[in-house]
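Undergrad: Residue numbers (UniProt numbering), protein chains in the order written: chain A, 1 to 235; chain B, 1 to 235.
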DNA sequence: TTAAGACAATTGTATAATAAAAAATGCCGC
DNA sequence: GCGGCATTTTTTATTATACAATTGTCTTAA
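#1: Go through its chain and collect everything with a Cβ distance to residue 51 (chain A)'s Cβ below 7 Å, but skip five positions before and after it.
#2: So, is the C-beta of residue 122 (chain A) closer than 8 Å to a C-beta in chain B?
#3: Near residue 218 (chain B), what residues of its chain come up, given a Cβ to Cβ distance below 6 Å and the 5 sequence neighbours on each side ignored?
#4: If we ignore side chains and look at the alpha-carbon of each, how far apart do residue 70 (chain A) and residue 46 (chain A) end up?
#5: Just confirm the distance between the C-beta atoms of residue 236 (chain A) and residue 81 (chain A), as a whole number of angstroms; I'd bet it's less than 8 Å.
#6: Report yes if the C-beta distance between residue 91 (chain A) and residue 22 (chain A) is below 8 Å; otherwise report no.
#7: With 8 Å as the threshold, decide whether the Cβ of residue 19 (chain B) is near any Cβ in chain A.
#8: Could you give the first and the last residue of the continuous alpha helix (DSSP H) run that contains residue 126 (chain A)?
#9: Helix, strand or coil for residue 168 (chain A) per DSSP?
#10: Keeping to the same chain, check which residues put their C-beta closer than 7 Å to that of residue 161 (chain B); ignore five residues upstream and five downstream.
#11: Pull up the DSSP beta-bridge partners for residue 66 (chain A), would you.
#12: Grab the span of the alpha helix (DSSP H) containing residue 158 (chain A) for me, first residue to last.
#13: I need the straight-line Cα distance from residue 148 (chain B) to residue 35 (chain B), nearest angstrom please.
#14: Would residue 136 (chain B) be called buried (16 or more neighbouring beta carbons within 10 Å of its own) or exposed?
#15: Determine, for residue 166 (chain A), whether the minimum Cβ-Cβ distance to residues of chain B falls below 8 Å.
#16: Relative to the alpha-carbon of residue 139 (chain A), which residue among A:192, A:24, A:175 has its alpha-carbon at the smallest distance?
#17: Do residue 206 (chain B) and residue 117 (chain B) come within 8 Å of each other at the CB atom, strictly closer than that value?
#18: Judging by CA-CA distance, which residue of A:27, A:85, A:73 is the nearest neighbour of residue 172 (chain A)?
#19: Find out if the Cβ-Cβ distance for the pair residue 164 (chain A), residue 104 (chain B) is shorter than 8 Å.
#20: Can you grab the Cα-Cα spacing for the pair residue 126 (chain A) / residue 201 (chain A), in whole Å?
#21: Which two residues bound the contiguous alpha helix (DSSP H) that contains residue 57 (chain A)?
#22: Give me, in chain order, the residues of the same chain whose beta-carbon lies closer than 7 Å to that of residue 39 (chain B); leave out the 5 immediate sequence neighbours on both sides.
#23: On the premise that residue 176 (chain A) lies in contact with residue 153 (chain A), defined as a C-beta separation below 8 Å, what is that separation, rounded to the nearest angstrom?
#24: Can the beta-carbon of residue 131 (chain B) be found less than 8 Å from the beta-carbon of residue 109 (chain B)?
#25: Measuring only the C-alpha atoms, how far is residue 100 (chain A) from residue 204 (chain A)?
#26: Residues bridged to residue 60 (chain B) by DSSP?
#27: Taking the C-alpha atoms as reference points, what is the distance between residue 106 (chain B) and residue 221 (chain A)?
#28: Which of the residues in the stretch 73-87 of chain A, read from start to end, lie with their CB under 9 Å from any CB of chain B?
#29: Which whole-angstrom value describes the C-beta separation of residue 157 (chain A) and residue 180 (chain A), a residue pair presumed to lie in contact below a C-beta threshold of 8 Å?
#30: Rounding to the nearest angstrom, what Cα-Cα distance links residue 210 (chain A) and residue 216 (chain B) in this structure?
#31: Taking only beta-carbon positions, decide if residue 50 (chain A) is within less than 8 Å of chain B.
#32: Report all residues from its chain with a CB closer than 6 Å to the CB of residue 187 (chain A); omit the five preceding and five following residues, and keep chain order.
#33: Alpha carbon to alpha carbon, how far is residue 208 (chain A) from residue 224 (chain B)?
#34: The alpha helix (DSSP H) that contains residue 90 (chain A), what's its start and end?
#35: I need the straight-line Cα distance from residue 94 (chain A) to residue 88 (chain A), nearest angstrom please.
#36: For residue 55 (chain A), collect the residues of the same chain with a Cβ closer than 8 Å to its Cβ; drop the 5 residues on either side in sequence, then sort them by chain order.
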């Protein structure tokens, strides 16, 4: 295995295997043994073992002598691990996972907004406002509008002052990127600027309850969109 | 290093190092080099490296040639990793971390209860009721009452049907175990049975909004308790 | 003073050999 | 035939060693 774009062999293999596992590549067939891994990826045993150990640390694999290395059931995966979350995005779009992401966001973000209303300092508020302005200014260019949308939501997580909320930034990043796949198919729908502005205003006023409900409204709408749109039917 | 109680050397070292890092043992001094680790723990380089790699996968460490291995800032830790969460409990009690845990619970559990009200099947409800009954029947014995309390809350996470919520069981487990350290110091306080019962009843009725608010009430009370009780003052 | 190059420290990678675990197999006595 | 026990075999776990790659530091010369 050749080292690619600055990543070490071990981390390259970690990435490759992580994506393969999450996308179900080994579901029927069982995971390769160490020897097979070394051969398939032309890697040394050290590299293969360390990649497997890292995947084990994330709950994706387990290994025992004689029994081999197995893919763990999804219920054991560390779904909130940023790497795992990211790998989840690389697999074929699933309405279910998108709904589950949004349910997590529905739980976290309103409370984060409420905490932000209580604790945000000037710098926090500037970051949130920058996100909102970006959404407004680049409404036409999808990529930049999405980036600004993400910036807005992540800035609120940070402003909450709770490091655990901050951990979920990768999930929200992923969820919002998935969401374009959904909302683009629904004619004329774009992220609502006024709804986002309401959140900012409430945070600026220190209105925790207002921020909570304004954010909750944004996410409830997303959740409604998902339920309305069933990919099996068409739109 | 001798293998202890059935754990492999690598996992033993992972546990030891994880606890040490989280408890701040290397904060001033910097993390040992591979060579030093091998010597200090009488471990082979493979064992040391694999333990370090797993800690890297959890965001606690980073390693670069010539620069050595460093403890990452807390903001990079995978705080929602079950192992990390558990290690956090082993360090000296901190009012801050307990508040942060409870804020996460305040976000997650009400929404989980609402989803449970929509999706719970008979088995889910039985598990929740078992928890509640356990709290009632063993109100006097602290250990069993705590276990039942945990069972109640975790059963609701499971009943939500969202695997991401289920990931937070270790955090809730830890938070509730920490909570006895707080509530025991507040005379006469025990987990409120009626408040928990209200959650169960709402879930049984399929009343999502009722379940959400009932659960929210429980957690808001916990949060109030923390604010009231300042360990610096005494009680 | 600065830049080029040599040096050194530390992690990264490779390989070989042995140990331990546990499943599979075969053997034996009955 | 069949149950139980010893043996074999497969696979990961551990140890040891050597070399490569990276990068900070020091030296030296222009």
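For glycine and all other residues, C-beta sits at the position ideal for the given N, C-alpha and C.
TA: By the coordinates alone:
#1: Numbered from its first residue, the first chain carries residue 51 (chain A) at position 51. Closer than 7 Å at the Cβ level, and outside the excluded window around residue 51 (chain A), lie 10, 13, 14, 17.
#2: Taking the first chain and counting its residues from 1, the one referred to as residue 122 (chain A) is at position 122. No, no contact with chain B.
#3: As a first step, residue 218 (chain B) is located in the second chain; it is residue number 218 there, counting from the start. The answer, listed in chain order, is 195.
#4: Looking up residue 70 (chain A) in the first chain gives position 70. Looking up residue 46 (chain A) in the first chain gives position 46. Rounded to whole angstroms, residue 70 (chain A) to residue 46 (chain A) spans 19 Å at the Cα level.
#5: The question about residue 236 (chain A) has no answer here: the residues shown for chain A are numbered 1 through 235.
#6: By 1-based counting over the first chain, the position of residue 91 (chain A) is 91. By 1-based counting over the first chain, the position of residue 22 (chain A) is 22. Result yes, Cβ atoms of residue 91 (chain A) and residue 22 (chain A) sit closer than 8 Å.
#7: Locating residue 19 (chain B) in the second chain gives position 19, where the first residue counts as 1. Residue 19 (chain B) does not count as touching chain A.
#8: In the first chain, counting from the first residue as 1, residue 126 (chain A) sits at position 126. It spans 122-137 - the alpha helix (DSSP H) in which residue 126 (chain A) sits, taken as one unbroken run.
#9: On the first chain, residue 168 (chain A) is found 168 positions in, with the first residue counted as 1. In this structure, residue 168 (chain A) counts as coil in the three-state DSSP scheme.
#10: Along the second chain, read from residue 1 onward, the residue named residue 161 (chain B) stands at position 161. Closer than 7 Å at the Cβ level, and outside the excluded window around residue 161 (chain B), lie 115, 119.
#11: The residue you call residue 66 (chain A) lines up with position 66 of the first chain. Residue 66 (chain A) is not bridged to any residue.
#12: As a first step, residue 158 (chain A) is located in the first chain; it is residue number 158 there, counting from the start. It spans 142-159 - the alpha helix (DSSP H) in which residue 158 (chain A) sits, taken as one unbroken run.
#13: By 1-based counting over the second chain, the position of residue 148 (chain B) is 148. By 1-based counting over the second chain, the position of residue 35 (chain B) is 35. Residue 148 (chain B) and residue 35 (chain B): Cα-Cα distance of roughly 46 Å.
#14: For this step, residue 136 (chain B) is matched to residue 136 along the second chain. Exposed, since its Cβ has fewer than 16 Cβ neighbours within 10 Å.
#15: Position 166 of the first chain, counted from the start, is the residue given in the question as residue 166 (chain A). Yes, its Cβ sits closer than 8 Å to a Cβ of chain B.
#16: As a working mapping, residue 139 (chain A) is identified with position 139 in the first chain. Of the candidates A:192, A:24, A:175, the one whose C-alpha sits nearest the C-alpha of residue 139 (chain A) is A:192.
#17: Within the second chain, the letter at position 117 stands for residue 117 (chain B). Within the second chain, the letter at position 206 stands for residue 206 (chain B). For residue 117 (chain B) and residue 206 (chain B), yes; Cβs fall inside 8 Å.
#18: Along the first chain, read from residue 1 onward, the residue named residue 172 (chain A) stands at position 172. That would be A:85, whose Cα lies nearest to the Cα of residue 172 (chain A).
#19: Along the first chain, one-based indexing puts residue 164 (chain A) at 164. Along the second chain, one-based indexing puts residue 104 (chain B) at 104. Contact flag set, yes.
#20: As a first step, residue 126 (chain A) must be located in the first chain, where it is residue number 126. As a first step, residue 201 (chain A) must be located in the first chain, where it is residue number 201. Their Cα atoms are separated by approximately 12 Å.
#21: Start at 1 with the first residue of the first chain, and residue 57 (chain A) comes out as number 57. Where residue 57 (chain A) is concerned, the enclosing alpha helix (DSSP H) stretches over 45-57.
#22: Here residue 39 (chain B) is taken as the residue at index 39 of the second chain, counted from 1. Closer than 7 Å at the Cβ level, and outside the excluded window around residue 39 (chain B), lies no residue.
#23: The residue you call residue 153 (chain A) lines up with position 153 of the first chain. The residue you call residue 176 (chain A) lines up with position 176 of the first chain. That pair is a contact at about 7 Å.
#24: Here the question's residue 131 (chain B) lines up with position 131 in the second chain. Here the question's residue 109 (chain B) lines up with position 109 in the second chain. Result no, Cβ atoms of residue 131 (chain B) and residue 109 (chain B) do not sit closer than 8 Å.
#25: On the first chain, position 100 is the one that residue 100 (chain A) refers to. On the first chain, position 204 is the one that residue 204 (chain A) refers to. Answer to the nearest angstrom: the Cα atoms are 30 Å apart.
#26: In the second chain, residue 60 (chain B) corresponds to position 60, counting from 1. Answer is none; residue 60 (chain B) lacks a bridge partner.
#27: In the second chain, counting from the first residue as 1, residue 106 (chain B) sits at position 106. In the first chain, counting from the first residue as 1, residue 221 (chain A) sits at position 221. Cα to Cα, the separation comes out at about 22 Å.
#28: 74, 75, 77, 78, 79, 80, 81, 82, 83
#29: Taking the first residue of the first chain as 1, we reach residue 157 (chain A) at position 157. Taking the first residue of the first chain as 1, we reach residue 180 (chain A) at position 180. Rounded, the Cβ-Cβ distance is 20 Å, inconsistent with contact.
#30: Residue 210 (chain A) sits at position 210 when you count from the first residue of the first chain. Residue 216 (chain B) sits at position 216 when you count from the first residue of the second chain. So the two alpha carbons sit approximately 17 Å from each other.
#31: Translated into positions along the first chain, residue 50 (chain A) becomes position 50. So, interface residue.
#32: Within the first chain, the letter at position 187 stands for residue 187 (chain A). Bear in mind that the predicted position of residue 187 (chain A) carries a pLDDT of just 49, short of 50, making it too unreliable to give a figure here.
#33: The count along the first chain starts at 1 and reaches residue 208 (chain A) at position 208. The count along the second chain starts at 1 and reaches residue 224 (chain B) at position 224. Between residue 208 (chain A) and residue 224 (chain B), the C-alpha separation is close to 16 Å.
#34: Looking up residue 90 (chain A) in the first chain gives position 90. It spans 82-90 - the alpha helix (DSSP H) in which residue 90 (chain A) sits, taken as one unbroken run.
#35: The residue labelled residue 94 (chain A) in the question sits at position 94 within the first chain. The residue labelled residue 88 (chain A) in the question sits at position 88 within the first chain. Taking the straight line joining both Cα atoms gives about 10 Å.
#36: Reading the first chain from its first residue, position 55 is the one you call residue 55 (chain A). Once the five neighbours on either side are set aside, the close Cβ partners of residue 55 (chain A) are 14, 17, 18, 21, 61.
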